[in-house]
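S.K.: Would you mind keeping the following structure in view while I ask a few things?
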Amino acid sequence: MIVPQSVTIPAGSISATFTTTPAPETPFSRWVFIQGSYGTSGGLQARILEIDPAPGPATLLAMGPASQDLIGGNSGRASVALVIPAPAGGGTVSLTTDNPSVIHVPASVTIPAGNSATSFTIGTSPVSGLPTGGNVFASAGGVTKSIFVNVSADPNAPPLLQSMTITPTSVRGGTNATGTVFLSAPAPAGGISVTLATSNANVARAPGIVSVPGGQTSASFTITTFAVGNNTLVTITAFFDTTTSANLTVTSGAPPPSPTPPASPTPPSSPTPPASPTPGLGAPSLISPAVDARFAPGTNITFDWSNVAGATSYTIQIDDQDSFSSPLILNQTVTPSQLSTSTLPTLRMWWRVRANNGGSSGPWSAVRRFEIRN
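So the sequence shown is numbered by my numbering: it starts at 36 and just counts up by one.
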């Protein structure tokens with residue numbers, strides 16, 4: 036401790052101040068004896084000054100609870116505590132996890148100045164199958180603590196869309212391929228509808244929806260391809276709770292001809308068989324809007340579907356019931372394979388389309404639901 040050798044009290048005053056300079060800081064408290072005297076008979080006074088070390092960085096004391104059991108998609112809370120109250124400006128505790136794809140924590144949490152503890156949220160992602168989990172680590176002042184978080188699948192949640200495959204992965208234009216969607220668990224009673232889309236409908240088309248029956252974990256669908264001048268890569272995407280995709284390469288050249296069986300001799304008396312009838316119109320595949328799409332009132336919505344060979348027009352129906360009972364909200368015949376409108380009511384509705392040629396009509400497409408609401 037450094038003090039001046041003397042201090043002058045101004046005339047007419049009875050006191051004066053002086054400055055003390057502490058010695059270099061030490062990690063422990065010290066006591067200094069300061070003495071002042073005046074003249075030879077003016078008396079002597081002394082005081083003891085306590086010098087404490089400056090508060091160090093926030094040091095972690097504990098983290099709790101020791102473990103947590105959470106359902107995937109839900110969140111929980113944990114707390115951290117310091118050895119001493121946080122200094123001015125607060126104390127920062129760093130947070131990490133060894134399984135960030137499932138367990139989510141903030142990068143850090145701040146304990147306000149003067150407080151010793153605080154809490155934070157632990158978030159989780161939905162999981163399927165067997166339980167998983169991981170550790171959450173908290174660090175401050177060179178001390179690290181951890182807790183374990185166990186994450187289980189929601190027993191009441193629907194299965195998740197897990198993957199999709201296409202077989203074969205390369206076909207000549209005009210040859211069909213088979214796609215298959217897979218769920219993480221059997222579909223519930225009534226099944227699950229998975230929406231499909233293609234990146235290039237002029238090269239390869241998939242149905243708008245594939246249904247996985249109740250109790251099943253997969254369902255297959257046919258991908259129709261068309262002749263191309265150059266090899267073309269097409270991506271088929273499936274939508275449910277998440278999205279998954281698979282690629283199909285459509286190559287140029289005509290598909291290989293089917294083998295022709297040897298002709299059987301025709302008895303002279305056999306009549307000439309009648310000509311085969313012309314194939315009927317097929318059902319269109321719905322492209323957009325997607326299943327359960329939502330729109331604000333007044334939005335201009337474009338209803339789009341695939342072309343049907345031989346079709347000269349299409350009939351689109353929209354109603355507030357999937358049975359399409361009369362009267363309908365919209366029943367319109369259009370020439371292109373598309374209709375745009377912004378005048379639909381604020382309701383949950385269903386739509387479907389069929390192809391026409393002259394006086395004949397093909398089968399209705401699959402039914403798709405959408406909604407207009409505020």
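Backbone N, C-alpha and C define an ideal beta-carbon position, used for all residues, glycine too.
I'd like to confirm the pairing. Which residues does DSSP put opposite Thr-381 in its beta bridges?
M.R.: Thr-381 is not bridged to any residue.
S.K.: Can you give the Cα-Cα distance for Ser-228 and Ala-344, rounded to whole angstroms?
M.R.: Each residue's Cα considered, the two are about 26 Å apart.
S.K.: Label Trp-386 either buried or exposed according to how many other C-beta atoms from any shown protein chain fall within 10 Å of its C-beta, with 16 as the threshold for buried.
M.R.: Buried, because 16 or more other Cβ atoms sit within 10 Å of the Cβ of Trp-386.
S.K.: Within its chain, find whatever has a CB closer than 8 Å to the CB of Pro-309; leave out the 5 residues flanking it on each side and keep chain order.
M.R.: The pLDDT assigned to Pro-309 is 44, lower than 50, so where the model puts this residue is not dependable; a value taken from the coordinates is nonetheless given after this. So no residue of the chain qualifies.
S.K.: Could you pull out every unbroken beta strand (DSSP E) segment of at least 3 residues lying fully inside the region 336-370, listed in chain order?
M.R.: Complete beta strand (DSSP E) runs here, min 3: 336-340, 348-354, 365-369.
S.K.: What did DSSP end up calling Leu-283 once you bin it into helix, strand or coil?
M.R.: Correct three-state label for Leu-283: strand.
S.K.: Which residues in the same chain as Pro-248 place their Cβ atom closer than 8 Å to its Cβ, once the five residues preceding and following it in sequence are excluded?
M.R.: The answer, listed in chain order, is Ala-222, Gly-226, Ala-254.
S.K.: Exposed or buried, Asn-391, counting other C-beta atoms within 10 Å across all chains shown (16 or more means buried)?
M.R.: With 16 or more other Cβ atoms within 10 Å, it is buried.
S.K.: Using CA coordinates, which residue listed in Pro-100, Ser-219, Ile-201, Ala-220 is at the minimum distance from Asn-211?
M.R.: Nearest C-alpha to Asn-211: Ile-201.
S.K.: Helix or strand or just coil, what does DSSP make of Met-98?
M.R.: Of the three classes helix, strand and coil, the one that applies to Met-98 here is strand, per DSSP.
S.K.: Going residue by residue through the region 154-223, where are the continuous beta strand (DSSP E) segments of at least 3 residues, counting only ones entirely within it?
M.R.: List check, beta strand (DSSP E) in window: 167-175, 178-187, 196-202, 205-207, 212-218.
S.K.: Could you tell me whether the region 116-126 touches the region 100-108, using the rule of 3 or more Cβ pairs below 8 Å?
M.R.: Counting Cβ pairs under 8 Å, fewer than three are found: no touch.
S.K.: Kindly give me the distance between the Cβ atoms of Ile-322 and Gly-243, rounded to whole angstroms, as I take these residues to be in contact under 8 Å.
M.R.: Right, their Cβ atoms sit about 7 Å apart.
S.K.: What does a CB cutoff of less than 7 Å around Val-402 pick up in its chain, not counting 5 residues either side in sequence?
M.R.: Same-chain partners within the cutoff: Asp-357, Trp-385, Arg-387.
S.K.: Using only the alpha-carbon positions, how far apart do Asn-265 and Ser-320 sit?
M.R.: Roughly 25 Å separates the two Cα atoms.
S.K.: By DSSP, does Val-42 sit in helix, in strand, or in coil?
M.R.: DSSP places Val-42 in coil when its eight states are reduced to three.
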